[in-house]
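Numbering-wise, this note's numbering comes out as the position in the sequence shown, counting from 1, plus 5. Right, one structure below, let's go through it.
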Amino acid sequence: MSEYILNSNNTYNVDPYYNRNCHWMKSLNTPMYPTTSTAVQLDPLIMSEIIKKFTLIAPIKNALSARKINNLSYICVASGLARNTELQIEIKHTNANEYDFRPSFIVQGSNMKSIEEALSYINLIIEKSRLITKLDIVMEINDISIFNQLLQPVLESDKCILTHLLLRRRYCGQKLPIIVNLIKKHRKTLKQIKRIGLSEAVECFNEDINLTSVSIMNFDIVNNGDFEGDDLNDRSSQMMFQLGESGVTFSHLSYTTYTGFDLTNTSILTMLRKCQVKSLRITMQKGSPISSCLYTKSLLDDLLELELVGDIAKPTGDLNILFPNLKHFLYSNKNLAHGPPN
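Structure, rendered in structure tokens:
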């Protein structure tokens with residue numbers, strides 16, 4: 006049964022799938038503006054599905070403008086907005102190539118004139134949706150206060166019950182406390198988290214979180230642009246140990262760092278075991294992911310998949326000794342700073 010009620014003294018069945026020849030269904034194909042064009046009768050059922058799908062994939066401003074076509078389109082856009090489960094927010098520099106570092110905002114694929122307009126569309130999307138389960142964020146400015154303003158409606162809304170949290174950021178050393186709060190709030194429903202900082206993960210992960218996939222990078226704890234210092238490696242190892250002690254579990258881990266990830270490191274091994282990792286992807290610019298190893302005993306019995314990406318040393322020993330149940334291994338040599346080698 007449709008959720009919409011027609012404002013009429015007469016009583017009609019308001020289910021558009023009930024009878025396409027009923028009085029009100031015919032009225033839905035009537036344009037809302039004067040026209041001299043020859044009328045073309047469109048199948049309301051097909052047209053309604055097209056408009057609903059258009060609402061889900063089109064930029065939000067384009068989707069809302071479709072409401073002006075006729076009464077049917079108005080109702081179908083509302084229905085499409087109710088079906089929507091994803092919220093996309095991008096915060097970028099207006100034109101970094103020309104040194105215009107004013108923030109610009111994109112919400113659900115549409116450019117926003119100001120932060121106030123961006124907030125109004127975020128609130129509208131949440132209000133019209135039955136449930137938001139996926140949040141996709143691009144953060145490319147260094148002003149965290151703007152980021153917090155745009156994420157606050159998501160944090161406060163009971164209609165946002167996240168299962169997927171995807172985050173892309175530009176600046177090293179940037180920590181986003183509101184992301185920590187979001188994960189804490191949705192700890193029991195989240196299944197996939199992408200590109201969270203290592204320090205953020207340590208702060209919010211606990212035994213209530215059981216993920217199918219997580220990607221973590223340690224660039225949030227980089228100080229003064231030092232990607233290779235011993236201090237960074239020591240802090241990363243310590244946080245890895247804390248992660249293992251948190252009680253969180255995840256089947257797949259994708260870890261990104263400049264250097265320093267070593268599968269023979271005790272803290273890292275302990276974390277991988279306690280977090281029940283079965284699939285591991287390491288993206289690293291330099292170093293050896295498996296160093297000082299004699300290949301005489303198993304490191305991880307439960308590891309099924311291993312992927313190594315970057316300008317890093319390829320393991321030379323028998324991986325079946327280190328990972329007896331390994332089913333899939335991929336090594337991809339790439340210079341992550343300057344692109345793949347010729």
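Every residue, glycine too, gets a C-beta built ideally from N, C-alpha and C. Remember, it's a predicted structure, so these values are computed and weren't measured experimentally.
N-terminal and C-terminal residue of the beta strand (DSSP E) that residue i is part of
| i | result |
| --- | --- |
| residue 108 | 105–112 |
| residue 336 | 333–337 |
| residue 141 | 137–144 |
Per-residue burial, residue i [other beta carbons within 10 Å of its own, 16 or more giving buried]
| i | result |
| --- | --- |
| residue 178 | exposed |
| residue 49 | buried |
| residue 99 | exposed |
| residue 51 | exposed |
| residue 263 | buried |
| residue 142 | buried |
| residue 113 | buried |
| residue 265 | buried |
| residue 31 | Legend: pLDDT at residue 31 = 47, less than 50; position of this residue unreliable, value from coordinates given subsequently. Result: exposed. |
Pair within 8 Å by beta-carbon distance, residue i and residue j
| i | j | result |
| --- | --- | --- |
| residue 87 | residue 135 | yes |
| residue 216 | residue 237 | no |
| residue 200 | residue 172 | yes |
| residue 140 | residue 167 | yes |
| residue 282 | residue 255 | yes |
| residue 241 | residue 203 | yes |
| residue 66 | residue 85 | no |
| residue 220 | residue 267 | no |
| residue 3 | residue 130 | This structure cannot speak to residue 3, because the chain is shown only from 6 to 347. |
| residue 285 | residue 258 | yes |
| residue 226 | residue 253 | no |
Neighbourhood of residue i by C-beta distance below 6 Å, restricted to the same chain and skipping five residues each side
| i | result |
| --- | --- |
| residue 318 | 293 |
| residue 261 | 222, 288 |
| residue 275 | 249 |
| residue 251 | 210, 211 |
| residue 337 | 314 |
| residue 174 | 144 |
Own chain, CB closer than 7 Å to residue i, minus 5 neighbours either side, in chain order
| i | result |
| --- | --- |
| residue 306 | 329, 330 |
| residue 138 | 90, 166, 167, 168, 169 |
| residue 78 | 56, 71, 72 |
| residue 290 | 263, 264, 315, 316, 341, 342 |
Start and end residues, alpha helix (DSSP H) containing residue i
| i | result |
| --- | --- |
| residue 243 | 235–250 |
| residue 126 | 120–133 |
| residue 268 | Counting along the chain, residue 268 falls outside any alpha helix (DSSP H), and DSSP gives it neither H nor E. |
| residue 303 | From DSSP, residue 303 is part of no alpha helix (DSSP H); its letter is neither H nor E. |
Sequence-distant residues of its chain with Cβ nearer than 8 Å to residue i (five each side left out)
| i | result |
| --- | --- |
| residue 324 | 311, 331, 334 |
| residue 189 | 209 |
| residue 187 | 140, 156, 159, 160, 167, 170 |
The stretch 119–129 touching the stretch 145–163, judged by at least three CB pairs closer than 8 Å: Touching, yes.
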